[in-house]
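Below is one structure, written out as C-alpha coordinates; the observations come after it.
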Amino acid sequence: MSTQSASVLYDVPGPRARTRNRILGLLGLVGIAGLIWLVVSNLADAGQFDSALWSPFEYTGVQQRLLNGALATLKAFGLAAVGSLVLGSLLAVGRLSDHFPVRVASTVVVQFFRAMPLVIMVFALYRAAFGAQPMWALVIALTLYNGAVQAEVIRAGIHAVPRGQAEAAYALGLRKTQVMGIVLVPQAVRSMLPAIIGQLVTTLKDTSLGYIITFPELLWQMKIIASNSDGYPYIPVFLIGAPIYIGLCVALSGLATWLESRSRRGATRRSTTAA
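If you count the sequence shown from 1, you need to add 314 to reach our numbering.
What follows is the structure, encoded as C-alpha coordinates:
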(Lines of atoms letter the chains of each structure in order from A; the text may use other names.)
(Lines give C-alpha, C1' and ligand atoms only; values in the text may rest on other atoms or scores of the structure.)
Protein backbone atom coordinates (compact mmCIF):
# COMPACT_ATOMS: atom_id res chain seq x y z
CA MET A 315 0.00 0.00 0.00
CA SER A 316 2.82 2.39 0.83
CA THR A 317 4.45 1.64 -2.54
CA GLN A 318 1.21 2.41 -4.37
CA SER A 319 0.78 5.66 -2.40
CA ALA A 320 4.34 6.65 -3.20
CA SER A 321 3.83 5.96 -6.91
CA VAL A 322 0.67 8.08 -6.93
CA LEU A 323 2.05 11.01 -4.94
CA TYR A 324 5.60 11.00 -6.26
CA ASP A 325 7.01 9.83 -9.57
CA VAL A 326 10.24 7.94 -9.04
CA PRO A 327 12.86 9.51 -11.32
CA GLY A 328 14.26 7.36 -14.06
CA PRO A 329 17.95 6.86 -14.92
CA ARG A 330 18.20 10.03 -17.01
CA ALA A 331 16.45 12.13 -14.37
CA ARG A 332 18.72 10.77 -11.62
CA THR A 333 21.78 11.57 -13.74
CA ARG A 334 20.48 15.09 -14.38
CA ASN A 335 19.79 15.62 -10.65
CA ARG A 336 23.31 14.46 -9.75
CA ILE A 337 24.84 16.86 -12.28
CA LEU A 338 22.74 19.78 -11.00
CA GLY A 339 23.62 18.92 -7.43
CA LEU A 340 27.31 18.75 -8.27
CA LEU A 341 27.16 22.09 -10.10
CA GLY A 342 25.42 23.62 -7.10
CA LEU A 343 28.11 22.35 -4.74
CA VAL A 344 30.83 23.68 -7.02
CA GLY A 345 29.13 27.07 -7.17
CA ILE A 346 28.78 27.27 -3.37
CA ALA A 347 32.39 26.17 -2.88
CA GLY A 348 33.54 28.82 -5.38
CA LEU A 349 31.57 31.53 -3.59
CA ILE A 350 33.02 30.52 -0.23
CA TRP A 351 36.54 30.50 -1.70
CA LEU A 352 36.01 33.97 -3.19
CA VAL A 353 34.80 35.40 0.15
CA VAL A 354 37.60 33.77 2.14
CA SER A 355 40.28 34.83 -0.32
CA ASN A 356 39.08 38.45 -0.28
CA LEU A 357 39.06 38.47 3.52
CA ALA A 358 42.52 36.93 3.58
CA ASP A 359 43.82 39.58 1.17
CA ALA A 360 42.39 42.21 3.52
CA GLY A 361 44.35 40.66 6.40
CA GLN A 362 41.28 39.63 8.37
CA PHE A 363 42.80 36.26 9.28
CA ASP A 364 46.05 37.64 10.71
CA SER A 365 46.76 36.37 14.19
CA ALA A 366 47.55 39.91 15.36
CA LEU A 367 43.88 40.84 15.00
CA TRP A 368 43.02 38.53 17.91
CA SER A 369 45.24 40.42 20.34
CA PRO A 370 42.56 42.95 21.48
CA PHE A 371 40.55 40.11 23.03
CA GLU A 372 43.35 39.48 25.50
CA TYR A 373 42.50 42.73 27.29
CA THR A 374 40.10 42.72 30.22
CA GLY A 375 38.35 45.85 28.96
CA VAL A 376 37.40 44.20 25.67
CA GLN A 377 36.18 41.09 27.45
CA GLN A 378 34.12 43.28 29.78
CA ARG A 379 32.58 45.02 26.78
CA LEU A 380 31.40 41.70 25.38
CA LEU A 381 29.99 40.70 28.76
CA ASN A 382 28.22 44.04 29.15
CA GLY A 383 26.77 43.71 25.65
CA ALA A 384 25.47 40.21 26.34
CA LEU A 385 23.90 41.35 29.62
CA ALA A 386 22.27 44.36 27.93
CA THR A 387 20.92 42.07 25.22
CA LEU A 388 19.45 39.71 27.82
CA LYS A 389 17.95 42.61 29.79
CA ALA A 390 16.21 44.07 26.74
CA PHE A 391 15.06 40.61 25.68
CA GLY A 392 13.68 39.74 29.12
CA LEU A 393 11.62 42.93 29.32
CA ALA A 394 10.38 42.60 25.74
CA ALA A 395 9.58 38.89 26.16
CA VAL A 396 7.43 39.44 29.25
CA GLY A 397 5.76 42.49 27.73
CA SER A 398 5.00 40.77 24.42
CA LEU A 399 3.47 37.71 26.12
CA VAL A 400 1.26 39.85 28.34
CA LEU A 401 0.23 42.10 25.46
CA GLY A 402 -0.28 39.13 23.16
CA SER A 403 -2.57 37.41 25.67
CA LEU A 404 -4.65 40.56 26.12
CA LEU A 405 -4.94 41.18 22.39
CA ALA A 406 -5.82 37.54 21.70
CA VAL A 407 -8.61 37.66 24.27
CA GLY A 408 -9.73 41.01 22.87
CA ARG A 409 -9.95 39.61 19.34
CA LEU A 410 -12.19 36.83 20.66
CA SER A 411 -14.35 39.18 22.72
CA ASP A 412 -18.14 39.22 22.36
CA HIS A 413 -18.06 43.02 22.44
CA PHE A 414 -17.76 44.42 18.93
CA PRO A 415 -15.79 47.60 19.81
CA VAL A 416 -13.24 45.60 21.81
CA ARG A 417 -12.88 43.07 19.00
CA VAL A 418 -12.42 45.75 16.35
CA ALA A 419 -9.94 47.76 18.43
CA SER A 420 -7.86 44.65 19.17
CA THR A 421 -7.89 43.64 15.51
CA VAL A 422 -6.75 47.10 14.41
CA VAL A 423 -3.90 47.10 16.93
CA VAL A 424 -2.75 43.62 15.92
CA GLN A 425 -2.86 44.27 12.20
CA PHE A 426 -1.17 47.68 12.51
CA PHE A 427 1.80 46.54 14.56
CA ARG A 428 2.22 43.32 12.58
CA ALA A 429 2.42 45.33 9.36
CA MET A 430 4.73 48.04 10.73
CA PRO A 431 8.44 47.33 10.03
CA LEU A 432 10.17 46.82 13.35
CA VAL A 433 13.19 48.95 12.47
CA ILE A 434 10.91 51.92 11.76
CA MET A 435 9.19 51.54 15.14
CA VAL A 436 12.53 51.35 16.96
CA PHE A 437 13.88 54.47 15.27
CA ALA A 438 10.59 56.41 15.56
CA LEU A 439 10.29 55.75 19.30
CA TYR A 440 13.92 56.67 19.79
CA ARG A 441 13.61 59.97 17.94
CA ALA A 442 10.18 60.88 19.32
CA ALA A 443 10.38 60.06 23.02
CA PHE A 444 13.36 58.00 24.16
CA GLY A 445 16.43 59.78 22.84
CA ALA A 446 18.02 59.70 26.29
CA GLN A 447 16.91 56.12 27.03
CA PRO A 448 17.39 54.02 23.90
CA MET A 449 16.75 50.76 25.71
CA TRP A 450 13.10 51.64 26.25
CA ALA A 451 12.66 52.56 22.59
CA LEU A 452 13.94 49.09 21.70
CA VAL A 453 11.93 47.28 24.39
CA ILE A 454 8.64 49.03 23.60
CA ALA A 455 9.04 48.46 19.85
CA LEU A 456 9.83 44.78 20.39
CA THR A 457 6.88 44.46 22.79
CA LEU A 458 4.41 46.02 20.36
CA TYR A 459 5.56 44.07 17.31
CA ASN A 460 6.05 40.69 18.95
CA GLY A 461 2.95 41.14 21.12
CA ALA A 462 0.88 41.47 17.95
CA VAL A 463 2.46 38.31 16.53
CA GLN A 464 2.04 36.41 19.79
CA ALA A 465 -1.63 37.45 19.85
CA GLU A 466 -2.21 35.63 16.58
CA VAL A 467 -0.32 32.59 17.82
CA ILE A 468 -2.36 32.43 21.04
CA ARG A 469 -5.63 33.09 19.20
CA ALA A 470 -4.89 30.17 16.87
CA GLY A 471 -4.14 28.03 19.91
CA ILE A 472 -7.45 28.99 21.53
CA HIS A 473 -9.32 28.06 18.35
CA ALA A 474 -7.50 24.72 18.38
CA VAL A 475 -8.86 23.82 21.84
CA PRO A 476 -11.84 21.44 21.44
CA ARG A 477 -15.16 23.27 21.72
CA GLY A 478 -16.30 20.83 24.34
CA GLN A 479 -13.87 22.39 26.82
CA ALA A 480 -15.58 25.78 26.62
CA GLU A 481 -19.06 24.25 26.56
CA ALA A 482 -18.33 22.25 29.70
CA ALA A 483 -16.98 25.37 31.43
CA TYR A 484 -20.11 27.36 30.51
CA ALA A 485 -22.25 24.47 31.75
CA LEU A 486 -20.55 24.80 35.15
CA GLY A 487 -21.63 28.44 35.29
CA LEU A 488 -18.30 30.12 34.48
CA ARG A 489 -18.30 33.55 32.87
CA LYS A 490 -16.54 34.32 29.57
CA THR A 491 -13.50 35.85 31.30
CA GLN A 492 -13.20 32.81 33.58
CA VAL A 493 -13.50 30.42 30.65
CA MET A 494 -10.75 32.29 28.83
CA GLY A 495 -8.40 32.70 31.79
CA ILE A 496 -8.89 29.31 33.44
CA VAL A 497 -9.73 26.90 30.63
CA LEU A 498 -8.86 28.11 27.13
CA VAL A 499 -5.76 30.31 27.40
CA PRO A 500 -3.70 27.86 29.55
CA GLN A 501 -4.42 25.01 27.12
CA ALA A 502 -3.71 27.22 24.13
CA VAL A 503 -0.36 28.28 25.56
CA ARG A 504 0.66 24.66 26.16
CA SER A 505 -0.34 23.56 22.67
CA MET A 506 1.29 26.56 20.98
CA LEU A 507 4.42 26.57 23.14
CA PRO A 508 6.82 25.73 20.25
CA ALA A 509 5.45 28.62 18.17
CA ILE A 510 5.56 30.98 21.15
CA ILE A 511 9.16 30.08 21.94
CA GLY A 512 10.06 30.37 18.26
CA GLN A 513 8.78 33.94 18.27
CA LEU A 514 10.72 34.62 21.49
CA VAL A 515 13.88 33.47 19.70
CA THR A 516 13.07 36.02 17.00
CA THR A 517 12.64 38.63 19.73
CA LEU A 518 16.06 37.77 21.10
CA LYS A 519 17.70 38.16 17.70
CA ASP A 520 15.82 41.40 17.03
CA THR A 521 17.47 43.03 20.05
CA SER A 522 20.39 43.61 17.67
CA LEU A 523 18.30 46.44 16.17
CA GLY A 524 19.38 48.44 19.21
CA TYR A 525 22.53 48.98 17.18
CA ILE A 526 20.85 51.66 15.07
CA ILE A 527 19.90 53.75 18.14
CA THR A 528 23.27 53.33 19.93
CA PHE A 529 21.88 51.03 22.61
CA PRO A 530 24.99 49.23 23.96
CA GLU A 531 23.81 45.67 23.31
CA LEU A 532 26.07 42.94 21.99
CA LEU A 533 26.16 43.99 18.32
CA TRP A 534 26.94 47.60 19.26
CA GLN A 535 29.79 46.47 21.52
CA MET A 536 31.14 44.26 18.74
CA LYS A 537 31.16 47.24 16.38
CA ILE A 538 32.93 49.45 18.95
CA ILE A 539 35.58 46.78 19.55
CA ALA A 540 36.25 46.39 15.83
CA SER A 541 36.34 50.16 15.20
CA ASN A 542 38.73 50.90 18.07
CA SER A 543 41.20 48.11 17.25
CA ASP A 544 44.08 48.23 14.80
CA GLY A 545 43.29 46.58 11.49
CA TYR A 546 39.52 46.57 12.05
CA PRO A 547 39.22 42.91 13.17
CA TYR A 548 35.67 42.34 12.00
CA ILE A 549 36.16 38.62 11.33
CA PRO A 550 37.56 37.86 14.82
CA VAL A 551 34.76 39.94 16.34
CA PHE A 552 32.20 38.03 14.28
CA LEU A 553 33.71 34.66 15.20
CA ILE A 554 33.38 35.59 18.88
CA GLY A 555 30.06 37.45 18.84
CA ALA A 556 28.10 35.11 16.57
CA PRO A 557 28.53 32.05 18.85
CA ILE A 558 27.21 34.14 21.75
CA TYR A 559 24.02 34.90 19.83
CA ILE A 560 23.75 31.29 18.68
CA GLY A 561 24.33 30.01 22.22
CA LEU A 562 21.59 32.25 23.63
CA CYS A 563 19.11 31.14 20.96
CA VAL A 564 19.99 27.46 21.41
CA ALA A 565 19.59 27.79 25.19
CA LEU A 566 16.16 29.36 24.72
CA SER A 567 15.14 26.62 22.28
CA GLY A 568 16.40 24.00 24.73
CA LEU A 569 14.30 25.58 27.47
CA ALA A 570 11.27 25.37 25.17
CA THR A 571 11.90 21.68 24.50
CA TRP A 572 12.24 20.98 28.22
CA LEU A 573 9.05 22.89 29.06
CA GLU A 574 7.14 21.13 26.30
CA SER A 575 8.27 17.66 27.39
CA ARG A 576 7.47 18.47 31.01
CA SER A 577 4.03 19.73 30.02
CA ARG A 578 3.36 16.53 28.08
CA ARG A 579 4.49 14.37 30.99
CA GLY A 580 2.22 16.34 33.31
CA ALA A 581 -0.74 15.95 30.97
CA THR A 582 -0.07 12.20 30.62
CA ARG A 583 0.23 11.84 34.39
CA ARG A 584 -3.06 13.68 34.97
CA SER A 585 -4.82 11.53 32.36
CA THR A 586 -3.51 8.36 33.97
CA THR A 587 -4.59 9.52 37.41
CA ALA A 588 -8.06 10.42 36.13
CA ALA A 589 -8.37 7.03 34.44
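Just so you know, even glycine gets a beta-carbon here, dropped at the ideal spot from N, CA and C.
Worksheet item: Out of 461, 394, 438 and 449, which has the shortest C-alpha to C-alpha gap to residue 424?
Response: By 1-based counting over the sequence shown, the position of residue 424 is 110. If we check each option's Cα against that of residue 424, 461 comes out closest.
Discussion item. Output needed for residue 458: all residues of its chain with C-beta closer than 6 Å, excluding positions within five of it in sequence on either side, in chain order.
Written reply: For the purposes of this step, residue 458 is taken as the residue at position 144 of the sequence shown. If we look at residue 458 and ignore the five residues flanking it on each side, its Cβ neighbours are 427.
Worksheet entry | Within 9 Å, strictly: CB atoms of residue 523 and residue 432 | What you label residue 523 is simply residue 209 of the sequence shown in a count that begins at 1. What you label residue 432 is simply residue 118 of the sequence shown in a count that begins at 1. Pairing residue 523 with residue 432 gives a Cβ-Cβ distance under 9 Å.
Worksheet entry | Simplified DSSP state of residue 411, which is helix, strand or coil | Reading the sequence shown from its first residue, position 97 is the one you call residue 411. Residue state, collapsed to three classes: coil.
Worksheet item: Excluding five sequence neighbours on each side, which residues of the same chain lie with their C-beta closer than 8 Å to the C-beta of residue 468?
Response: As a first step, residue 468 must be located in the sequence shown, where it is residue number 154. So the list reads 402, 403, 406, 499, 502, 503, 506 and 510, once near-sequence residues are dropped.
Discussion item. If you reduce the DSSP assignment to three classes, tell me which class residue 422 lands in.
Written reply: Mapped onto the sequence shown, residue 422 falls at position 108. Assignment of residue 422 by DSSP, reduced to helix, strand and coil, places it in the helix class.
Discussion item. Restricting to Cα atoms, I'd like to know which of 529, 512 and 532 is closest to residue 574.
Written reply: As a first step, residue 574 is located in the sequence shown; it is residue number 260 there, counting from the start. Residue 512 is the option with its Cα nearest to residue 574.
Fill in: Coarse secondary structure for residue 546, derived from DSSP in three states
The sequence position of residue 546 within the sequence shown is 232, counting from 1. Coil, per DSSP.
Item to complete: Could you say which of 366, 514 and 388 lies nearest to residue 533 if we only look at CA atoms?
Response: One-based indexing of the sequence shown puts residue 533 at position 219. Minimum Cα distance to residue 533 is reached at 388.
Worksheet item: Residue range of the alpha helix (DSSP H) that residue 503 falls in?
Response: Locating residue 503 in the sequence shown gives position 189, counting from the first residue. For residue 503, the uninterrupted alpha helix (DSSP H) run begins and ends at 499-505, by DSSP.
Worksheet item: Roughly how many angstroms lie between the CA atoms of residue 537 and residue 396, to the nearest whole one?
Response: Sequence index remark: in the sequence shown, residue 537 carries index 223 (1-based). Sequence index remark: in the sequence shown, residue 396 carries index 82 (1-based). Here the C-alpha atom of residue 537 lies approximately 28 Å from the C-alpha atom of residue 396.
Practice prompt. Would you mind stating whether residue 550 and residue 343 have Cβ atoms separated by less than 9 Å?
Written response: If you number the sequence shown from 1, residue 550 lands on position 236. If you number the sequence shown from 1, residue 343 lands on position 29. Pairing residue 550 with residue 343 gives a Cβ-Cβ distance that is not under 9 Å.
Discussion item. Suppose you measure from the CA of residue 476 to the CA of residue 520; what does that come to, to the nearest Å?
Written reply: The residue given as residue 476 occupies position 162 in the sequence shown. The residue given as residue 520 occupies position 206 in the sequence shown. The C-alpha of residue 476 lies about 34 Å from the C-alpha of residue 520.
Item to complete: Within the segment 450-531, note down every full alpha helix (DSSP H) run reaching 4 residues or more, in order along the chain.
Response: For the alpha helix (DSSP H) assignment, the uninterrupted runs of no fewer than 4 residues enclosed by the segment 450-531 are, from N- to C-terminal side, 477-485, 499-505 and 507-520.
Discussion item. Could you check whether the Cβ of residue 475 sits closer than 8 Å to any heavy atom belonging to the ligand SAM?
Written reply: The ligand SAM is not part of the structure shown, which contains no ligands of any sort.
Discussion item. Suppose you measure from the CA of residue 517 to the CA of residue 546; what does that come to, to the nearest Å?
Written reply: For this step, residue 517 is matched to residue 203 along the sequence shown. For this step, residue 546 is matched to residue 232 along the sequence shown. About 29 Å.
Worksheet item: Are residue 453 and residue 390 closer than 9 Å when you measure CB to CB?
Response: Position 139 of the sequence shown, counting from 1, holds the residue named residue 453. Position 76 of the sequence shown, counting from 1, holds the residue named residue 390. Judged by beta-carbon spacing, residue 390 lies within the 9 Å limit of residue 453, meaning their Cβ atoms are closer than that value.
Worksheet item: Taking DSSP as the reference, what is the three-state secondary structure of residue 329?
Response: In the sequence shown, residue 329 corresponds to position 15, counting from 1. Of the three classes helix, strand and coil, the one that applies to residue 329 here is helix, per DSSP.
Item to complete: Decide if residue 409 is buried, meaning its Cβ has at least 16 other Cβ atoms within 10 Å, or exposed.
Response: The residue labelled residue 409 in the question sits at position 95 within the sequence shown. It counts as buried.
Worksheet item: Alpha carbon to alpha carbon, how far is residue 595 from residue 351?
Response: This structure leaves residue 595 out entirely; the chain is present only between 315 and 589.
Worksheet item: When you compare each of 527, 491, 508 and 430 to residue 674 by their alpha carbons, which one comes out closest?
Response: The structure shown does not extend to residue 674, since the chain is modelled only from 315 through 589, so no value can be given for it.
Practice prompt. Compare the C-alpha of residue 400 against each of 465, 447, 483 and 385 and name the closest.
Written response: Taking the first residue of the sequence shown as position 1, residue 400 is located at position 86. Measuring from the Cα of residue 400, the nearest candidate turns out to be 465.
Worksheet item: In three-state terms, what does DSSP make of residue 359?
Response: As a working mapping, residue 359 is identified with position 45 in the sequence shown. Residue state, collapsed to three classes: helix.
Worksheet item: Which value, in whole angstroms, describes the spacing of the CA atoms of residue 384 and residue 441?
Response: Start at 1 with the first residue of the sequence shown, and residue 384 comes out as number 70. Start at 1 with the first residue of the sequence shown, and residue 441 comes out as number 127. Looking at the two C-alpha atoms, the distance is approximately 25 Å.
Practice prompt. Quick one: measure Cβ to Cβ for residue 483 and residue 463, integer angstroms, because I've assumed they're closer than 8 Å.
Written response: Looking up residue 483 in the sequence shown gives position 169. Looking up residue 463 in the sequence shown gives position 149. Not really, about 27 Å apart at Cβ, beyond 8 Å.
Item to complete: Inspect the beta-carbon positions of residue 371 and residue 558 and report whether they are closer than 9 Å.
Response: Counting from 1 along the sequence shown, the entry for residue 371 is found at position 57. Counting from 1 along the sequence shown, the entry for residue 558 is found at position 244. Residue 371 is not a Cβ neighbour of residue 558, given a cutoff of 9 Å.
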